[in-house]
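One line per chain: the protein sequences are A and B, in this order. According to the working numbering, the first sequence is numbered sequentially starting from 1. According to the working numbering, the second sequence is numbered sequentially starting from 742. Comments concern the structure below.
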Amino acid sequence: MVAATKEIPRNKPGEIDKSIAHKISQRDELTEKTGHYWGIKEFTLKDSDPMKFERFYSRLQSACMAAREISRFVAASPGGREMGEAVWGLASAEGDSIALSEGFVSHSAAFPFAINFMVENGYEENPGFNDADVYVSDDGFTCGAPHPGDTYTYVPIVRDGEVISWACAVNHIMEVGAPQAGSWAMFAVDTFMDGFVFPPTRTGENLKQYAWWDEMWKRRTRAGVVNILDDKMRLAGCAMILKSVHDIIDEFGVEYYIQASKEVIEETRRVVKDNINNWMVPGTYEQSSFRVCLYKGMQKIWEHADKDTLIHIYMKSSIDDEGRFHFDMEGSSKWGYHAFNAFPGGYKVAVMMALAGALGYNTKFTSGGNYLMTSNLPEGCIYNPGTHIAAHSNSWAQMLMVTLQTFNTFTRAQFMRGYMEESFAVCGPWDAMQGEGILEDGTPYGYTNFELLGACAQGAYAYRDGDPAVWFVASQLCNMGNSEEFEQLLAPLFHLGRKLEPGYCGYGKYRSGMGLSTVQWINEPGQRLVASRAGGTCGIIPELSIGMMGGYPSPGATTAIAQGTNLQDLFRQGISPSTLQETIELSDKGILKTKKIKVWKSDAPETNLKQDDLWCQQAEAGGGWGDPLERDPLAVLEDANANMVNIAFVEEMHGVVLKASGEETYKIDEEATVEKRKALRAQRKSESVPVSEWYKKHREERVLKMNMLEPVVEMLRDATSFESYNNHYRTFWHLPDDFEI
Amino acid sequence: MEKVEKQIVEQLISGDISRDESRRLLKMDPKDPERFWTYLEVLQDRVKWKDKILLRISDHLYIVKKEKTGERLVKCECGHELGDYRVNWKTAANVRIRATQEEMSKVYFPATAVPEPKWNEIREFFCPNCFTQIGVEVVPPGYPLLFEFLPDLDRFYSEFLGRPLDDAQDDWYENQTNKKTAAWL
């Protein structure tokens, strides 16, 4: 919930204050006092005429849906047009979303942050809000945007001088104008390297942008035309919503509109509250994740940033006395001079993603559920820096783990409650390729390729394997991860392969879907082409610390870059690597010759690419579930016969012994499998020790001596700078009082 | 309101449920409020021991009520008891550490997906009796054990299920892990 704003009396005595500031303050006061949104205890409109209420809502919802389905074709960027990495919504005057289109719906959690910022900083007085004005922002600090790649448009819907609603839109743009090209400046040191970042800015009126606004996109970003079309796309959708809402207000009346909107949100809140009561289990859930930030040697000019950091994402979830979820992030790292910081608005988006997936799908999807998600974000931490200078180009590098930890809390609870059909190892290892170039004719451009922002594997379920290439935690759309239009648009990139990477998954009794690998062949790069990796988890550390019920957490993502190759020779021989793994194998065998081949298990920085270079990515696996020794041997056989696993590897992992049967098939050696499983279980016994023994030794050798990598030490210092985590760490290891971490 | 049959819940637990059936469950609105009781019934039938299951917390781990002593313990499906549920069950488990490239390469594939030693260690937790793998952590060395879930059982039963447990007491919802580990030193 956004904090109440201080009230400036705006009206003469006796006049009703219709300012947004007053509405926000009333909403907060009534909600806090009663526990109901806007104090709504009775659904007076809904109950007195439910058909009218549902008809009203379906009109609002349809307006948002239509806005997306039509306006996305204004865009030229595949991200906007084909994948619809976007959403359109209708928010109340205070910023709470009432209805949303398809798309990345959870980005609506940021709406109230922008509205609140504008109100608190005097926009209501100067310049004031007129019907069909256009505001745009992409700034996490002032607008709640998760990061500057996500650009928001806000159009106030005004009647008789009163802001009734906002038509809102957000999409992830093609290029954000940072020193590092693309839309996630992975090596930003502070916000002045995040790119073209701007607080809520009035960029137009009467549904038309001012002439200068287009010039800003052209001047400050590398993809001016595409970004302008995205901007027009967002505005087109908002215009459609605005027109529909005026029609709806004409039909239903302003008072009905305002009151029914509140009832809709309160209705959602109650359904989600019931869902928590019906599907969840109260208690304390503890989780963590880690995200490397390897800058050492890469930031030489920015000495204060030239270090390796390990970011700690730490969450304790519980259900409070009011039946709301509470996420305590205290112990998470402090913010730093790197690109991976976040602000509270973006954090709220991350939480809403989990809510959307597990607790919000049987109701009108409004911001009502957000009122049941509370958090502790201590000032100074990576979600609440308390300073405007923190870079947040890629908050998602670590903040997606907030979504995953939240979502895993829910699926774990569902498992315990018996709603096992819902339980799976939630994962979200997204990836992307971005950069800039100059075409042969001298035209400069910048780009982001989102093809690995979707088509993720889903993690293993509690009762079956996850599926490959179906999932993206941030969006329900099945065309997230489509790549055809990107390939068409981005001149020098051609897929030699875009397929499942055999064996690349989280293992367990049930495995995740196989992850993906892409191989981009650089052809006719023009005068210049660079690419860098943008992504979530790196290959160095899995995205979650906890594997589910004895399974292994999802592996991270890796990039491999082969430069100065003999690819043309290989093509003539009919050889063409189609996965990252194949590229490396061909190189190891000396078949693929390279001047340089580098494997990045962390973030690959901008790399100059030339003709016949290869850019390979391996990403989008998921987590496993359960003890791998319990996997059905027939499932292992099926994978083997589909060439989806390494035979030697699965023998050790699952204890299933396969022998060749015919040219390209296997069969199970039943006896050998029984023996192997016995042996592996015996090995567990002989190679393990009681935790008490491990604890004492580990404490002695590692903890007391601080025998860890420097970034791990720094991470612990950071985490223990917060009181409750300091307490937690010290008491867990029973450290002497004077022990210095 | 539809009640999901015991047979279907059995299929969910055993993994034999068909895709169509699991989809039907996913689409149910509202979900059957009886499910937890059916779940407990099926689980109780499946285990070879008699202690009453209060909550299933993992594939093979249950919190059970010991009638004789009044304790609430974590119990493995094999029958081994891992102690009071208020203490992280990992402290009663066995652990194997994978700390080298070679060791980690046995559980992550391909080589480019193997986590880096020094940044991580893989902790595999086993029931000390049946050596089922009951948990995995991948964390930096020196990192405390994660207590995946401490339930507030009494609140769960009274507020969420509407059938309070009859042995409620004040300190049932209290993390007692550190008390146990202190005794190790």
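Positions of the beta carbon are idealized from the N, C-alpha and C atoms, including for glycine. Bear in mind the structure is a predicted one, so any value in this text is a computation, not a measurement.
In whole angstroms, what separates the C-alpha of residue i from that of residue j?
i, j, result
"K232/A", "V691/A", "60 Å"
"P344/A", "K596/A", "42 Å"
"A789/A", "A852/B", "No answer is possible for residue 789/A: it lies beyond the span of chain A, which begins at 1 and ends at 741."
"R813/B", "D907/B", "12 Å"
"K243/A", "S475/A", "27 Å"
"V636/A", "V656/A", "7 Å"
"S742/A", "V855/B", "In the structure displayed, chain A extends from 1 to 741; residue 742/A sits before or after that span and is not available."
"A719/A", "Y314/A", "9 Å"
"G369/A", "F472/A", "21 Å"
"H734/A", "E714/A", "20 Å"
"S92/A", "Y383/A", "26 Å"
"K593/A", "T565/A", "5 Å"
"Y849/B", "Y337/A", "32 Å"
"D770/B", "N523/A", "52 Å"
"K273/A", "T673/A", "49 Å"
"S109/A", "G346/A", "Looking at the sequence provided, one finds Ala at residue 109/A rather than Ser. A109/A and G346/A: Cα-Cα distance of roughly 8 Å."
"Q748/B", "R464/A", "17 Å"
"W396/A", "K667/A", "44 Å"
"T191/A", "G140/A", "10 Å"
"V176/A", "G195/A", "5 Å"
"A923/B", "W625/A", "32 Å"
In chain order, what residues of the same chain have a beta carbon less than 6 Å from the beta carbon of residue i, not counting five sequence neighbours either side?
i, result
"T559/A", "R533, W600, A604 and Q617"
"R839/B", "M845 and I863"
"Q398/A", "R291, I311, I313 and F340"
"L493/A", "Q520"
"W38/A", "R27, L30 and K262"
"A236/A", "S71 and V74"
"K6/A", "Reliability fails at K6/A, whose pLDDT of 45 lies under 50, so the model's placement of it is uncertain and the value that follows must be treated cautiously. Nothing meets the Cβ criterion."
Taking residue i as the reference, which of the options has the closest Cα?
i, options, result
"K768/B", "G536/A, G506/A and N362/A", "N362/A"
"F888/B", "R896/B, R764/B, P771/B and E878/B", "E878/B"
"Q180/A", "N394/A, E620/A and L592/A", "N394/A"
"K598/A", "G574/A, G590/A and Q563/A", "Q563/A"
"F56/A", "W213/A, E15/A, H107/A and F252/A", "F252/A"
"C478/A", "S58/A, G556/A and Q458/A", "Q458/A"
"S332/A", "N341/A, R324/A and F325/A", "N341/A"
"D773/B", "K744/B, Q752/B and R765/B", "K744/B"
"A391/A", "M706/A, M118/A, A178/A and G224/A", "A178/A"
"G35/A", "D441/A, D320/A, M298/A and T443/A", "D320/A"
"V158/A", "N116/A, M186/A and S19/A", "S19/A"
"E663/A", "M401/A, D328/A, N643/A and L680/A", "N643/A"
Is the shortest distance between the beta-carbon of residue i and the beta-carbons of chain D less than 9 Å?
i, result
"V805/B", "No chain D is part of this structure, whose protein chains are labelled A and B."
Exposed or buried, residue i, counting other C-beta atoms within 10 Å across all chains shown (16 or more means buried)?
i, result
"S25/A", "buried"
"D613/A", "buried"
"V254/A", "exposed"
"Y695/A", "buried"
"Q414/A", "buried"
"S798/A", "The question about residue 798/A has no answer here: the residues shown for chain A are numbered 1 through 741."
"Y210/A", "exposed"
"M825/A", "Because chain A spans 1 through 741 in this model, residue 825/A falls outside it and cannot be assessed."
"M280/A", "buried"
"A3/A", "Low confidence applies here, because A3/A scores a pLDDT of 44, under 50, leaving its location unreliable; read the following figure in that light. Flag for A3/A reads exposed."
"E675/A", "exposed"
"W212/A", "exposed"
"H304/A", "exposed"
In chain order, what residues of the same chain have a beta carbon less than 8 Å from the beta carbon of residue i, not counting five sequence neighbours either side?
i, result
"N835/B", "F866, F867, C868, P869 and F872"
"K300/A", "D306"
"V703/A", "W733 and L735"
Quick one: what's got a C-beta closer than 7 Å to residue i's C-beta in the same chain, skipping five residues either side?
i, result
"S799/B", "I875"
"V742/A", "Here chain A covers residues 1 to 741 and nothing more, so residue 742/A does not appear."
"D214/A", "I228"
"A260/A", "L45, F53 and F56"
"D792/B", "V805, K806, K807 and K816"
Note to self: Assess contact between the region 146-161 of chain A and the region 212-224 of chain A, defined as three or more Cβ pairs (one per stretch) separated by less than 8 Å. Is contact present?
What the structure shows: Because the criterion of three Cβ pairs below 8 Å is not met, the region 146-161 of chain A and the region 212-224 of chain A do not touch.
Note to self: Does the region 364-384 of chain A come into contact with the region 288-295 of chain A, if we say contact requires no fewer than three beta-carbon pairs (one atom in each stretch) closer than 8 Å?
What the structure shows: Short answer: they don't touch.
Check: Should the region 443-452 of chain A be called in touch with the region 468-487 of chain A, which here means at least 3 C-beta pairs below 8 Å?
Finding: Contact between the region 443-452 of chain A and the region 468-487 of chain A is present, with at least three C-beta pairs closer than 8 Å.
Margin query: Using a Cβ distance threshold of 8 Å, determine whether the region 120-136 of chain A contacts the region 356-370 of chain A, with at least three qualifying pairs required.
Written below: Output reads no: the region 356-370 of chain A does not touch the region 120-136 of chain A.
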